[in-house]
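Visitor: 363 is the number of the first residue of the sequence shown in my numbering; add one for each residue after it. Positions of the beta carbon are idealized from the N, C-alpha and C atoms, including for glycine.
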Amino acid sequence: LQQSKHDAVILNSVANVSKAMDFIKAHKDIYTYLDNDEAGRKTTQLIYSTCSTVYNRSTKYTEYKDLNDYLCQKKKATPEVKKKSLGFKR
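This is the structure:
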């Protein structure tokens, strides 16, 4: 794993956004990866209304329910590469 130079907050539920707002407001740039549903859109709007620079990354996966569904679909679309045997015989 690479260590990020960025702080992160994982809400697990948009219901937790109020608990995280002080942390979120303390940062200059905010990147959101919320669900593509009504609750996710409302939470994104709330963050937009209180923070100066917000990058809504859910626009990258609009055809999917959320980031996880997008990543799972991407993973399935990538063919599995099988390693070739080294051919050692006894």
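Return the Cβ separation of A382 and V371 in integer angstroms, given the expectation that the two are a contact with Cβ distance under 8 angstroms.
Guide: 5 angstroms
Visitor: Would you identify the three-state DSSP class for N378, choosing helix, strand or coil?
Guide: helix
Visitor: Which same chain residues, not among the five before or five after G402, have their C-beta less than 8 angstroms away from its C-beta?
Guide: Hits under 8 angstroms: V376, L396, S420, D428.
Visitor: For T412, count neighbouring Cβ atoms within 10 angstroms of its own Cβ and tell me buried if that reaches 16, exposed if not.
Guide: exposed
Visitor: May I ask you to report which of helix, strand or coil DSSP gives N430?
Guide: helix
Visitor: How would you call T424, buried or exposed, if buried means at least 16 neighbouring beta carbons within 10 angstroms?
Guide: exposed
Visitor: How big is the Cα-Cα spacing for E400 and Q365?
Guide: 32 angstroms
Visitor: Does DSSP classify D399 as helix, strand or coil?
Guide: Coil at D399, not helix or strand.
Visitor: In the DSSP assignment, what residue or residues form a beta bridge with Y417?
Guide: In the DSSP assignment, the residues bridged to Y417 are Y393.
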